[in-house]
Amino acid sequence: MNLEYILALLATAIVSVLLFQRLGLGAILGYLAGGILLGPSGLGVIENVEDIRHLAEFGVVFLLFLIGIEMKPGRLWIMRRLVFGLGLAQLLLTGLTLALFAWWLGLAPRPALVVGLGLALSSTAFGIQVLAERGELNTETGRSAFSVLLFQDLAVVPLLALVSFFAGGTSLELGVLYALGEAVAIVAVVYLASRYLLDPLLHLIAGSRQSEVFVAAALLLVLGIGYLMEHVGLSLALGAFLAGLMLAESRFRHQASADIQPFRGLLLGLFFMAVGMTMDLARLLAEPGLLLGLTALLIAVKATLMALLARIFRHRTGSIPQVALLLSQAGEFGFVLFTFAFSQHLLDAVLVQRLTLIISLSMALTPLLIRVGDRLTGLIREPPAIPSVNNQPASDKWVLIAGFGRVGRRIARMLQDAGLGYLALDEDVDQIVVGQGRGLNVIFGDATRLNVLQAVDAGHAAALVVAFDDEKSTEQLVAIAHQHFPGKPVYVRARDRHHGALLRQMGAQSSVSENLEVSLRLGEFALRDLGADDATITALIERYREEYE
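The opening position of the sequence shown corresponds to residue 2 in the working numbering, with each subsequent residue numbered one higher.
If you want it as structure tokens, here you go:
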């Protein structure tokens, strides 16, 4: 890749992303449009897309590493039912259904099955990135989508072995067993190394106080384990996820995460641009009805079947459209599977070109499908989960806490240590389990729903503390409290000065700005170190707090 390519990629990425964000269409569509513009179907600035795509795949690799770092092994074990239950059901049901459509359209049974299973896979890059951007990885939608995507990555070895078997190359059973045996052996070695060697090695490297050496070590860990996984037929991304899990319990996890983050953002944007470059607009213009129709059919089938499975696995009705449409596109592994099938003379060149374009089109539609899912979710007026009144505080004077993240949890502990009554509401099941395990009075419930507030007798609470980290939910709850519980003291967490002013206008009694309190505390430390007396420090803090408001 020469300097002209790099300059063209960077300039186009900046302009297209800024333009599409200004239009309200999001960064992903901006990257895709930039890729189409630079690719063979656009201005033709970049002709060899394969080189770009191979480099761009590292964006997905680093994304999965960061997800692994945030997901401790114990939590992954809790999700096993979703990974091996929902994930397996999605791949088999969707793959066989799409295979029947392919067979009905004229493909022989074996190629039809390969096409069906390949298109049943969804895009890890698009799905995880969207969830991460929206802060939904820990929601019901996020856990289910991640579980399905993780199982699909695990299915790489059997699918490649199936293609090889259909082409007459190897025994299916021996091929799969051999590959799985290698994979299990490498995972075992990696696990033992992480348990007994990783922390001492990172401690030694960190002791050098050379930050660039630690960055190199983090990159070596991610890419090295990814290489081992790829060697046994698994994906680089799955190896990176395993590397993240290795570091999840380490004291060096935060530094490693910070070092990898810049690579992830830039290369993931390049991945989306590479997808845009692969879109053959000439073929699309030559066969628009066929290709757009098949893409629409693919999305409809995958979304419908995923919605059915989500219902079977007892999802809340409101989350079903989101998870169904989030996983309705085809995935990047389809490129690899269909190219391999072509090399094994199982699929012809024209079919592979059409399939590649269908995958790219479905990916490009993902941001729009997410918006459709949000709209459908908003239209579904399901009755929210009503919390149990058994957790009602015993005292007559108590506080209702909305949101049980880090801020809400600290407030609850302060009240509990002071012997005062409180009740906390949250929708994150993991947070609730952890909180209840520590003896905190937290239950499941959507605090932005009036009937949930009425069910917990919010009208008799002495005050309402809103500790959400989401601005929209905070504003929604403040408006409900002002309308239905007039006169109730409402104390809210605000993002900044302007957000705090808006919340007070909406009816909040007081707001606490994250930016203000951090700056005042740091300023207090600096003033004390410089010898300022307590009276001066207190006066300055009060003055700036008044000016801020």
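Cβ coordinates follow ideal geometry from the N, Cα and C atoms, glycine included.
For clarity, every value in this text was computed on a predicted model and none was experimentally measured.
When you compare only the Cα positions, how much space is there between residue i and residue j?
i: M415; j: I68; result: 31 Å
i: L99; j: S514; result: 52 Å
i: L239; j: F63; result: 10 Å
i: V50; j: G40; result: 7 Å
i: E134; j: G501; result: 23 Å
i: F253; j: L203; result: 7 Å
i: L454; j: F405; result: 15 Å
i: F152; j: G60; result: 20 Å
i: A308; j: D418; result: 45 Å
i: A509; j: D154; result: 47 Å
i: G277; j: E141; result: 30 Å
i: L268; j: F127; result: 13 Å
i: W104; j: L352; result: 13 Å
i: D375; j: L24; result: 19 Å
i: V491; j: D427; result: 17 Å
i: I412; j: A462; result: 15 Å
i: I53; j: G96; result: 29 Å
i: F167; j: F343; result: 12 Å
i: G225; j: L92; result: 29 Å
i: D530; j: A249; result: 36 Å
i: L246; j: A194; result: 13 Å
i: L222; j: H55; result: 19 Å
i: V553; j: S258; result: Nothing in the structure corresponds to residue 553, since the chain is present only between 2 and 550.
i: L19; j: T13; result: 10 Å
i: I444; j: G436; result: 9 Å
i: D447; j: G409; result: 14 Å
Under the criterion of a Cβ to heavy atom distance below 7 Å, does residue i qualify as lining the ligand NAP?
i: L528; result: No copy of the ligand NAP occurs in the structure displayed, which carries no ligand at all.
Could you check which residue in the options has the C-alpha nearest to that of residue i?
i: H316; options: R498, A113 and G143; result: G143
i: T367; options: L348, L26, G460 and G409; result: L26
i: E472; options: F334, V115, A495 and V491; result: A495
i: A540; options: G36, L521 and L531; result: L521
i: S17; options: G36, G290, E5 and L4; result: G36
i: F334; options: L10, V157, T95 and L33; result: V157
i: V324; options: A283, L150, F341 and L163; result: L150
i: L282; options: R498, A249 and T357; result: T357
i: L138; options: A480, V430 and R372; result: V430
i: E213; options: I261, A186, M247 and A403; result: I261
i: A219; options: F469, A189, P263 and V190; result: P263
i: Q484; options: P289, I129 and L451; result: L451
i: V519; options: D535, D534, S511 and D497; result: D497
i: L8; options: L271, F339, L348 and Q345; result: L271
Only counting the same chain, and skipping five residues up and downstream in sequence, which positions put a Cβ closer than 7 Å to that of residue i?
i: L237; result: E58, V62, G227, M230 and E231
i: S474; result: T449
i: P110; result: W104
i: L326; result: A304, L370, I371, V373 and G374
i: L1; result: Only positions 2 to 550 of the chain appear in this structure, which leaves residue 1 out of reach.
Please work out which residues of its chain come closer than 8 Å, Cβ to Cβ, to residue i, disregarding the five sequence neighbours upstream and downstream, and give them in chain order.
i: L421; result: S396, K398, W399 and V400
i: V390; result: Because the pLDDT at V390 is just 46, under 50, the model does not fix this residue reliably, and the point stays unresolved.
i: S148; result: M80, L83, V84, L87 and G88
i: E525; result: I538 and I542
i: Q22; result: A28 and G31
Give the DSSP-derived three-state secondary structure of residue i in the structure shown.
i: V400; result: strand
i: G290; result: helix
i: L421; result: coil
i: F445; result: strand
i: L99; result: helix
i: D375; result: helix
i: L426; result: strand
i: R411; result: helix
i: R450; result: coil
i: R439; result: coil
i: N391; result: For N391, the pLDDT reaches just 48, beneath the cut-off of 50, and the residue's location in the model is therefore unreliable, although a value from the coordinates is still provided. In the structure shown, N391 sits in a helix (DSSP, three-state: H, G or I).
i: S344; result: helix
i: T279; result: coil
i: Q211; result: coil
i: T357; result: helix
i: E547; result: helix
i: F127; result: helix
i: T140; result: coil
i: A168; result: coil
Considering only residues of the same chain and omitting the five flanking positions on each side of residue i, which have a CB-CB separation below 6 Å?
i: A331; result: L120, I360 and S363
i: I15; result: none
i: I321; result: A308 and A311
i: G460; result: F486
i: A34; result: S17
When you compare the CB of residue i with every CB in chain C, is at least one pair closer than 8 Å?
i: V324; result: No chain C appears in the structure shown, which is made up of a single protein chain.
In chain order, which beta strand (DSSP E) runs of at least 3 residues are fully inside the stretch 460-543?
Entirely contained in the stretch 460-543, the beta strand (DSSP E) runs reaching 3 residues are, in chain order, 464-467, 491-495 and 511-514.
Return the chain-ordered ranges of every alpha helix (DSSP H) run that is complete within the stretch 14-90 and spans a minimum of 4 residues.
DSSP runs (the alpha helix (DSSP H)) wholly in the stretch 14-90: 28-39, 50-71 and 74-79.
Note down, one range per segment and in chain order, each alpha helix (DSSP H) of at least 4 residues found wholly within the stretch 298-331.
Secondary structure in the stretch 298-331: the alpha helix (DSSP H) runs of 4 residues or longer, each lying completely within the stretch, are 321-327 in chain order.
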